[in-house]
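For the sequence shown, the numbering used here gives the first residue as 215, with consecutive numbering after it.
By construction, the Cβ of each residue, glycine as well, lies at the ideal position given by its N, Cα and C atoms.
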Amino acid sequence: MSECKNTHPEKNKRRFRDRPVLTRAAITLAWIAGTVVFLAGIALTAVTIWLTPERLTGIINTEASKRIDADITAHNVRYTLWSSFPRLCIDIDSIKIVSRTLYGIPSELRSDIPRNADFLASTGKLHGGINILRLLKKDISVSDILIDSLRLNLVTVSDSLSNFDIFRRFDNFGEIPYFSADSAKLTSPAKITIYNHPSKSRIVTQLSQSSAVRRKTPADSYTLSVKGDVMVSDNLKELLDKTPFDLTGQLDLAFHPLRVSLKNYDISVAGYQGSVNLDMLAEKRLRLDRFSAVFKGIDPSDILSHVRIIPASGTETVLRHIPSIDLAVSLKHPYSFDSPGLPDIKANVEIPEGDINIPDRNNRTLTLRHSEIRAEISTGDNMRRPAYARIMPFDIYGEDLDLSLQAFATDILTDPDIRIAVKGYAESKRLSMTFPQLRPYGMTGKIESDAIISFRLSDKGRDILKNLKINGDINLNNFGLQARAYGLEAYASDLDLNFGGEMPEITAQTIQNGIFDFNANADMFHLHSNGYDLDISSAEMSGKLKESGKNSFTDISSAAPFEIKAKAASAALSGKRDTVKMTMGGLVLKGSIKAKPGKGMAESFGAMVKSADINANIGSAKITAKDCSASISASLMNKRMTTPRYTKAAAWTADSRSLKMAGHTDEFLSVRLPEKAVDFIRQWKSHIGLKIGSGTILTPALPLHNGFADLDLEASFDSVKLNSLKFNSQDTRLSAKGELSNLRQFLTSGTVVPVKGDITVNIDTVRINQLCGAYNHGLKLTHGPKASVLTVIPDTLTPSDTVALLLPRNIIADIKISAMMTEYTNLYLHNLTTGISLRNGILDISDLGVDSDFGTLNMDFRYDTSDIQRLAMNLDMNLSDVRLVEFFRNFHTLLLMMPQMKNLRGDLSANAKARLFLFPDMYLNMPSLWADIYVRGDNMVLHQDSFIRHLTRMMLIHGTEDIALSDLNIHASIHDNLMEVYPFDIDFDRYRLSFGGLNNFDGDMYYHLGIENSPIPFPFGINIKGNLSHPEIRFGGDSFNIDKGEEITSSIMEEKRLNLLLVLKRLAREMIEKAAEADSTPASKYVFR
């Protein structure tokens, strides 16, 4: 113990005090420093032993997440200090940062942004070192930074909300300390995504290589190299396709505030070299203060492979003929990265003066010269000014062409709205030879234009632009068009057109769907289409959209009326081989269409046409009309009309099985329209009005002077109404009116639908002789000099004559006819009236009444085709005040059946009812013929010709004078192929006779004249036998001999068959021939001779 004890303490203290002050201070500081170092070493050793990777990882995840608005997740954080002192080296396996700034936003907004919007960044392995001694001075000095698999996702929701604003608790970026790095490198592909919700824009950058190395001089300068691909889209629309870039150059940093600068930075985009200058400031917000880039000698055809907002169709044709483009890009205003939208960037494009070589269809090259072209493109700032592009005025000139063009486009990042101004002239033939789209139209002539064309690229269809808005002036001098593929040719002399409006697309078929304000005039216009030629002279036409404060370039939300006016001094239409010719003078047209611009279908339209004079030739017919006017209107209904389904009436289908076994005409009137036509009729309400003051129809088929007047016609899809019509054919004059209804259902229903008609015809005079004579003369003009009625109405049975003639069962018609005077041969009829109705396949002629010189007729007639197995005709006829002499003089053919009736004179009245069935082949069912006839005779006188005198001598009647008879009451019937006259009494002088008998349809007869009272004291009778044409007279008993009557009934006609249609044809032919023979019209009265 004594060896370690200090035996001279006072001496030692004295030695220390005796030393110099500086020496004593240095020794003290050394001791203190050594103690501190020792204690620090002990502390650091303890910290190193305690701060394991697990504990360090937990501290970083917890503390870092507390200090920023994000959740940080690091894995396996490690550090090294002793071997690298004074640098602290840190290694991390991975880091993921999830932002909390978007927590709590509304669900509607959350569903509208990307689902991974909270994700901010992630890396794979991360390595780096920091100088802890410089960190004590608030300087950050890092080295050997290595980041693997970097991912950044920057999302801006609004001006004040983004997922990367996680440092909001710091006042500003001014607190960021001085920063320096020896080197930094990204390994593995790095992906950076920037999404801006207000503008729906997205930038995706895929980095393939990125590194930064500190330069020796100047201070805070780095060599930065970046390679990768970039893609840009806006509002889900691709703007820039995957485009490679390569950046190499000097990066300068400045601090307080932090500033990043690039100066003459080399850049390669899509293989083209350029330079970039940039200044970026991090103060309160991250802001881009300056940006500019310059590229030289860009091949314009390569632009189309990357810039998607430029349409490839058409543009490619132009760009591939431009040799090179110089491009300069600059930032117009400072840009804050948390502001909505893209930075306001302006690009200037310059194309030097040069040639454009375009091959034509003849394998020749068209060389055009263009002046210098300058253009600018701006992305806008979404606040003060939208994105736009502008091409300054430039000229294109060459053979047959001299144009000045300029263009302007807005909203180029969303839906570009493009306006192109064109002024100049071109030979249309050269244009059609040059541009493939115009070749099918074969244009000729000179086109002078001063026009503005606008359209949106969203309206672009395949290989063609749609919904174009166009206005301007065009002059077409001797313009011609030959679109043979469409069967269309046109020619115009000095056509001036001023227009403005919308066109769905530029094709020959779509001009009709555009809405234009226009004024046009032409000295002469010619159109040829499908064999028809239209010639118009001194034409003027205009159209205008009528809506207060709006024009056709305004986006009109509701339909507006578009008014059209046109007039022409004359218009002429001619058809193939001059089969149709029409001329119109003083043509005036006014109309209105109610529609939205650019829509293919109008919502409503109306038009009114006036022409002072119309002359038309259709074949050999000539038609004239004066004081003509027409109107048309239509409107689109709010909803598609549905037609009710009609159930067929039982009477329509009772014979459905029989119809399948017999040939017949259609039992129903029907029409089958294309589906598009049916839909059009169902959706539209329409009205057509036609009025003509007077006119003529001259035709060789009826070579009389045929005229009409006061034509007033109305029509719609529901009905056709003839309000008035007056017609005359030489001396025949009539007026008519009527209506057809239920047409819309008839035209559109899939089932059988009734058609209703109501017609009234009032005839002043009808001269059948004159009409038949003219018809006969017309046959010779149209069919040759030897033609006759037999030429068109043959006296032979044709296959169509043996087909059941059915009347359409779905026609419901009522026709009223009256005629003041009717002339036929030597017969004059007066005050004819009748009503005709057609229902369920049954034709009824009812209340037919007519007066004549010999009597009055009233009649009802029915033709029943409601059942093909029971085709029938019914007749109910009354004759009154019939003067026999005049009657047989007019109907002398009846005397062939009853030749001795010529000896009677006096007044008769008769009533007859008849019924006859027909077979389905239109042959008469003669055994079914039934008739019941009652005849009353007044003031009857019998003339004694040789035949009658022979009878009276046999009766011992003296004298040859006429015999006055008492009133007669005769009853006869037709049945079983027989005509039977029931016995009736004849009283005269001292005689009472009883007469009766029968004959069959072969002409065989047996009649008996019994002498009931006479001066002869014994009864006797006279038998009349034989044939109607050769009667035999014999004495007989005083009563009818039944046995002789049976002889007549036993020889009923069996083989002779009559076809109704053949009989009617023969009857019509005979009537026409007899009327023509009775015609006294001189040949000079015929229009055609």
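Residue i versus residue j: straight-line alpha-carbon distance, rounded
i: A1018; j: T1005; result: 24 Å
i: T979; j: G921; result: 15 Å
i: S766; j: K560; result: In this prediction, S766 has a pLDDT of 42, which is less than 50 and means its spatial position is unreliable; what the coordinates show is noted afterwards. One C-alpha to the other measures close to 32 Å.
i: M734; j: V975; result: Here residue 734 turns out to be Ala, not Met, going by the sequence shown. If you take the alpha carbons of A734 and V975, they lie about 46 Å apart.
i: G812; j: R670; result: Bear in mind that the predicted position of G812 carries a pLDDT of just 47, short of 50, making it unreliable; the figure below should be weighed with that in mind. So the two alpha carbons sit approximately 13 Å from each other.
i: K840; j: V967; result: 38 Å
i: V1096; j: K1116; result: 14 Å
i: P607; j: S788; result: 47 Å
i: M1169; j: L1118; result: 19 Å
i: P328; j: N367; result: 10 Å
i: N1237; j: H1164; result: 13 Å
i: S363; j: L615; result: 59 Å
i: R324; j: L545; result: 32 Å
i: I977; j: L1071; result: 18 Å
i: T431; j: G511; result: 33 Å
i: K758; j: I666; result: 18 Å
i: T1036; j: R981; result: 6 Å
i: A640; j: I688; result: 11 Å
i: L1130; j: Y1137; result: 11 Å
i: A331; j: L340; result: 24 Å
i: T838; j: L925; result: 13 Å
i: S357; j: A288; result: 20 Å
Those residues which DSSP pairs with residue i across a bridge
i: M1193; result: I1188 and N1213
i: G757; result: F732 and I778
i: A835; result: I832
i: N1125; result: N1092 and Y1148
i: I906; result: C842 and L925
i: R947; result: N942 and T979
i: F1202; result: Y1205
i: S475; result: D466 and D493
Beta-carbon gap between residue i and residue j smaller than 8 Å
i: K970; j: L954; result: yes
i: I1082; j: H878; result: yes
i: L617; j: A635; result: no
i: F1215; j: N1183; result: no
i: Q1158; j: I1177; result: yes
i: G686; j: D664; result: yes
i: D455; j: S415; result: no
i: G272; j: S308; result: no
i: Q420; j: G442; result: yes
i: S313; j: L334; result: yes
i: K951; j: N937; result: yes
i: R653; j: G612; result: no
i: R1076; j: I1056; result: yes
i: Y479; j: L492; result: yes
i: G1250; j: M1219; result: no
i: Y486; j: F509; result: yes
i: L1132; j: V1155; result: no
i: Y1038; j: A1282; result: no
Cβ separation of residue i and residue j, assumed to be a contact under 8 Å, to the nearest whole Å
i: H991; j: Y746; result: Going by Cβ atoms, the distance from H991 to Y746 rounds to 32 Å, so no, they are not a contact pair.
i: D1078; j: A1086; result: 5 Å
i: L590; j: N562; result: Rather than Leu, the amino acid found at residue 590 in this sequence is Glu. With a Cβ gap of about 5 Å, E590 and N562 count as contacting.
i: D434; j: D396; result: Not quite, the Cβ-Cβ distance comes to about 12 Å (not below 8 Å), so this is no contact.
i: L1122; j: L1143; result: About 23 Å; that fails the 8 Å criterion.
i: P557; j: L502; result: 6 Å
i: S475; j: F459; result: Between F459 and S475 the Cβ distance is about 19 Å, and since that is not below 8 Å, they are no contact.
i: R896; j: T962; result: 5 Å
*May I have a chain-ordered list of the alpha helix (DSSP H) segments no shorter than 4 residues that lie completely inside the region 1127-1190?*
The region 1127-1190 contains these whole alpha helix (DSSP H) runs: 1160-1168.
_Continuous beta strand (DSSP E) assignments of at least 3 residues falling wholly in the region 385-452_ = For the region 385-452, whole beta strand (DSSP E) runs of length 3 or above, ordered along the chain, are 392-395, 397-401, 404-410, 415-428 and 435-448.
_If we require 3 or more residues per run, which beta strand (DSSP E) segments fall completely within the region 601-664?_
602-612, 615-624 and 631-641
*Segments of 3+ residues assigned as beta strand (DSSP E) that fall wholly inside the region 1011-1057*: 1025-1038 and 1041-1053
*With a floor of 3 residues, list each beta strand (DSSP E) that falls wholly inside the region 318-369, ordered by position along the chain.*
Listed in chain order, the beta strand (DSSP E) runs fully inside the region 318-369 are 333-337, 340-345 and 353-362, counting runs of at least 3 residues.
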